[in-house]
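Chemist: I have a structure I would like to understand better, so I am pasting it below and will then ask my questions one at a time.
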Amino acid sequence: MSSQLESRLPIIPNLAPSSQPISNGPRIYDYTDKYKTDKPGEEIEENARVWNVYLDEAESYDADLLRGFRNIIDGLLVFASLFSAVVTTFVAQTYQALQPDNAQITAALLFETNQLLRAAGNSTTLNAIPAASLHPGSHTYSSVDVWVNGLFFASLALSLSTALLSVLAKQWIQ
């Protein structure tokens, strides 16, 4: 019965000083060897062992924190660059839809010219011929094309600005 009770109790580490080094990540510390023990009454002085240990631990913690930030920023840079490349290809393809369709405009004007020539040959009044729906400078794109391209350009601008800010943050960290 006592062995069952002992197996359910949490394991409490031995807090007594030992000669085992303390492990904190990749570095191993044995502060009993690294720093000499303080004389009695000098444990809270400016150069006490506790402050040296604290400074070592803080430096290790800060280095690990900065390494994590660098890794996150590197991942963000890779994602932003790949996303920008993909969006750029979409923009290059869909931007063409915003350009005027010169072939369609030319066909509409030729059709109107053809009707005018027929009307002149038939002695019909020229005012009876409807004007062409398209003329040079008129747009042939829809509002969906404008929205899609606007969203593509906005996402490209945000992605490139994220990459720029990431580079600035990475330079600031170093």
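Per my numbering, the sequence shown starts with residue 1, numbered consecutively. The beta-carbon is built from N, C-alpha and C at its ideal position, and this holds for glycine as well. Since the model is a prediction, treat every value here as computed from it, not as a measurement.
1. Determine the burial state of tryptophan 172: buried for a count of at least 16 other Cβ atoms within 10 Å of its Cβ, exposed for fewer.
2. Return the chain-ordered ranges of every beta strand (DSSP E) run that is complete within the segment 71 to 110 and spans a minimum of 3 residues.
3. I'd like the span of the alpha helix (DSSP H) that includes tyrosine 31, first residue to last.
4. Flag this pair as touching only if the segment 107 to 122 and the segment 35 to 53 have three or more C-beta atom pairs under 8 Å; answer yes or no.
5. Can you list, in chain order, the residues of its chain with a C-beta nearer than 8 Å to that of leucine 160? Leave out the 5 residues immediately preceding and following it.
6. Return yes when the Cβ of isoleucine 105 is within less than 8 Å of the Cβ of glutamine 115, no when it is not.
7. For serine 166, count neighbouring Cβ atoms within 10 angstroms of its own Cβ and tell me buried if that reaches 16, exposed if not.
8. Quick one: Cα of threonine 88 to Cα of leucine 82, how far?
9. Specify, as a first and last residue, the run of the alpha helix (DSSP H) that isoleucine 173 falls within.
10. With a CB to CB cut of under 7 Å and the five nearest residues on each side skipped, what residues in its chain are close to phenylalanine 69?
11. Would isoleucine 44 and alanine 169 be called neighbours here (beta carbons separated by less than 8 Å)?
12. When the Cα atoms are used, what is the spatial distance from proline 21 to leucine 65?
13. For leucine 164, count neighbouring C-beta atoms within 10 Å of its own C-beta (all shown protein chains included) and say buried if the count is 16 or more, exposed if not.
14. Which of the three DSSP states, helix, strand or coil, is assigned to serine 60?
15. Starting from the Cα of threonine 162, find the closest Cα among Asn127, Phe111, Leu77, Val144 and give me that residue.
Modeler: Judging by the given coordinates:
1. So tryptophan 172 counts as exposed.
2. Unbroken beta strand (DSSP E) runs of no fewer than 3 residues, entirely contained in the segment 71 to 110, are not found.
3. From DSSP, the alpha helix (DSSP H) with tyrosine 31 extends over 31 to 34.
4. Fewer than three beta-carbon pairs drawn from the segment 107 to 122 and the segment 35 to 53 are found closer than 8 Å, and the two stretches are therefore not classed as touching.
5. So the list reads Ala80, Ser84, once near-sequence residues are dropped.
6. At a Cβ-Cβ threshold of 8 Å, glutamine 115 and isoleucine 105 do not count as neighbours.
7. When all chains shown are included, serine 166 counts as buried.
8. Rounded to whole angstroms, the separation of the alpha carbons of leucine 82 and threonine 88 is 10 Å.
9. Unbroken alpha helix (DSSP H) run through isoleucine 173: 143 to 173.
10. Closer than 7 Å at the Cβ level, and outside the excluded window around phenylalanine 69, lie Ile173.
11. Going by C-beta atoms, isoleucine 44 is not nearer than 8 Å to alanine 169.
12. Any reading at proline 21 must be qualified, since the residue scores a pLDDT of 46, below 50, and its modelled position is unreliable; the value itself is stated next. Going from the Cα of proline 21 to the Cα of leucine 65 covers about 23 Å.
13. A residue is called buried once 16 or more other Cβ atoms fall within 10 Å of its Cβ, and leucine 164, having fewer, is exposed.
14. Here serine 60 sits in helix by DSSP.
15. Taking only the C-alpha atoms, the option nearest threonine 162 is Leu77.
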